[in-house]
Amino acid sequence: MFQASFKKVFFCLPYSLGIMAAKKLRRARLSQELCERLSRHQITTCQDFLCLSLLELMKVTGQSYYDVQKLLCKVSRACAPKMQTAYEMKLTKSVNPSSAFLSTTLHSLDEVLHGGVPCGSLTELTSPPGCGKTQFCIMMSVLATLPVSMGGLDGAVIYIDTESAFSAERLIEIAGNRFPTYFDSDEKLFCMTRSIHLYRELTCGSVLKRIMSLEEEIISKKVKLIIIDSVASVVRKEFDTKLQGNLAERSNFLARGASVLKYLAEEFSIPVILTNQITTSLSNGLVIQADLVSPADDLSLSEGASGSGKRESGCVTAALGNTWSHSVNTRLILQYHDMPTRQLLVAKSPVAPFSAFFYTIEKSGLVLQDGKHQTNLTLEGTNPALQTIRVRSAALKDTLLDAALPKTTGGIQTTGENGARSEHPNGNTFVEENMSW
1 MFQASFKKVF
11 FCLPYSLGIM
21 AAKKLRRARL
31 SQELCERLSR
41 HQITTCQDFL
51 CLSLLELMKV
61 TGQSYYDVQK
71 LLCKVSRACA
81 PKMQTAYEMK
91 LTKSVNPSSA
101 FLSTTLHSLD
111 EVLHGGVPCG
121 SLTELTSPPG
131 CGKTQFCIMM
141 SVLATLPVSM
151 GGLDGAVIYI
161 DTESAFSAER
171 LIEIAGNRFP
181 TYFDSDEKLF
191 CMTRSIHLYR
201 ELTCGSVLKR
211 IMSLEEEIIS
221 KKVKLIIIDS
231 VASVVRKEFD
241 TKLQGNLAER
251 SNFLARGASV
261 LKYLAEEFSI
271 PVILTNQITT
281 SLSNGLVIQA
291 DLVSPADDLS
301 LSEGASGSGK
311 RESGCVTAAL
321 GNTWSHSVNT
331 RLILQYHDMP
341 TRQLLVAKSP
351 VAPFSAFFYT
361 IEKSGLVLQD
371 GKHQTNLTLE
381 GTNPALQTIR
391 VRSAALKDTL
401 LDAALPKTTG
411 GIQTTGENGA
421 RSEHPNGNTF
431 VEENMSW
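Have a look at this one:
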């Protein structure tokens, strides 16, 4: 009865608590001898231990009833969430600033974010293809391996690549061009590349299995950054939201994954960076998945019809839905502006205002344009998940038509059908193009 009740409790636990219960017993500060004895009986995690009855534990450990009760309390405390005061949190970050943020070396962006990409939380990058999501991730991989004195975290990186987009050559190119003085020898480049551990996971199941097994790896390899590029890629390949039941399964996978990643970020005080894709949301409530095939796809994004020839207006937003948008703590949007300049938006942050920065992609990675940023912007509505995103064709049309069309006031100029602009007093940006089916 005792054993069954424990199993029932663990079955009903939230995902984050389930992960905490999966903590290895040796991290519960049990003696090495006891851990080895328990492992011979396939008892290696806190959950394995707590699911046994007192009688079973007495038999396995060879200890008395009262000693086993003390062990139960010790293991329970090890996997239970711990309270922390605001003062303790502030003190920790003051004493060890590197545990608070990972600098992006994009100084204006770091200033707005109070130091860079926050540790202990999830940061999402969303953009159309070709705006530099993977470039940003590779650049952050280099930065995490740098010494603390250079703004890095002096640790290893776990990079989960779901699109086979990672390039070791590009990694070395960014490192050599961004920090030519530091990476002045093959030995330093060799050490940096050895610190980045790449996993190619092409299914939702393999991604979830990988992140659920990361805890020991984070400890043994001194991991200071986790990157998943991209979450949306595997989700959209496996779950067609038009099929009954798929939406619930997709939501379940995303909730489990986000919960595990949040636990890892908070437990080890490390940043987690995730990349997302875009979707075209129609005015009639339908959603068209974009960003699935190639960078050219964003040229054919539209709010088109379903074969009847009737056009629908809509907007391009971040994929994976509203629930997922609440799972991430910080959302950065990369979008097209005018060639070759692109724009970075801080669309969601617990510490930063809605801000915009302009950048280009160089040999050294992302480079901000000096003096070209705004922090006095306003976000339409209250939901960052509905922030519209400019795709390549909209930026190209704007560039070509800037000289030909007069500027308007009182609203936002947007690209309309056949290249015409329309003004929307409510501030919503709509992109209307022909859908390529």
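In terms of UniProt numbering, the sequence shown opens at residue 1 and continues consecutively.
Glycine included, C-beta positions come from ideal geometry on N, C-alpha and C.
| Check | Outcome |
| --- | --- |
| Proximity of Ala-318 and Ile-278 at Cβ, strictly below 9 Å | yes |
| Where the alpha helix (DSSP H) through Lys-221 begins and ends | Premise fails: Lys-221 is in no alpha helix (DSSP H) and is neither H nor E. |
| DSSP-derived helix/strand/coil call for residue 439 | In the structure as shown, the chain starts at 1 and stops at 437, and residue 439 therefore has no counterpart that could be examined. |
| Three-state class that DSSP yields for Lys-59 in the structure shown | helix |
| CB contact flag (Ala-258, Ser-327, <9 Å) | yes |
| Segment contact, 8 Å Cβ cut-off, at least three pairs: the stretch 182 to 193 with the stretch 222 to 241 | no |
| Cβ distance (whole Å) where Thr-44 is taken to contact Lys-24 below 8 Å | 6 Å |
| Through-space distance from Ile-227 to Ile-160, alpha-carbon basis | 6 Å |
| Cβ-based burial, Leu-38 [other Cβ within 10 Å; buried from 16] | buried |
| Buried or exposed by the 16-neighbour rule on C-beta atoms within 10 Å, applied to Gln-335 | buried |
| For Ser-269 and Cys-79, believed in contact at Cβ under 8 Å, the rounded distance | Not quite, the Cβ-Cβ distance comes to about 18 Å (not below 8 Å), so this is no contact. |
| Short Cβ contact (9 Å threshold) for Pro-128 with Val-316 | yes |
| Contact the stretch 129 to 149 vs the stretch 157 to 172: 3+ CB pairs below 8 Å | yes |
| For Arg-236, the first and last residue of its enclosing alpha helix (DSSP H) | 231 to 238 |
| Alpha-carbon to alpha-carbon, Ser-349 and Thr-203 | 30 Å |
| Same chain only: Cβ atoms within 7 Å of Ser-99, ignoring 5 sequence neighbours per side | Thr-92, Lys-93, Cys-119, Ser-269 |
| Test item: CB-CB of Ser-103 and Gly-62 under 9 Å | no |
| For Ala-319, three-class secondary structure by DSSP | coil |
| According to DSSP, residues forming a beta bridge with Leu-344 | Leu-334, Phe-357 |
| Beta carbon of Leu-50 nearer than 9 Å to that of Val-68 | no |
| Gly-321 versus Ser-230 - alpha carbon distance | 15 Å |
| Reference Val-351, options Thr-330, Arg-342, Leu-366, Lys-363, closest by Cα | Thr-330 |
| Thr-134 (DSSP reduced to helix, strand or coil) | helix |
| Inter-stretch contact at 8 Å, needing at least 3 Cβ pairs: the stretch 175 to 182 / the stretch 205 to 225 | no |
| Environment of Lys-310 [buried if 16+ CB atoms lie within 10 Å] | Reliability fails at Lys-310, whose pLDDT of 42 lies under 50, so the model's placement of it is uncertain and no value is given. |
| Inter-residue CB distance, Gly-115 and Val-223 (contact presumed, cutoff 8 Å) | Their Cβ separation, rounded to whole angstroms, is 20 Å, which puts Gly-115 and Val-223 out of contact at 8 Å. |
| Sequence-distant residues of the same chain with beta carbon closer than 8 Å to Phe-358, five excluded per side | His-337, Thr-341, Arg-342, Gln-343, Leu-344, Leu-368, Gln-369, Lys-372, His-373 |
| Enclosing beta strand (DSSP E) for Glu-124 [first to last residue] | 122 to 126 |
| One or two residues paired with His-197 in a DSSP bridge | Ile-158 |
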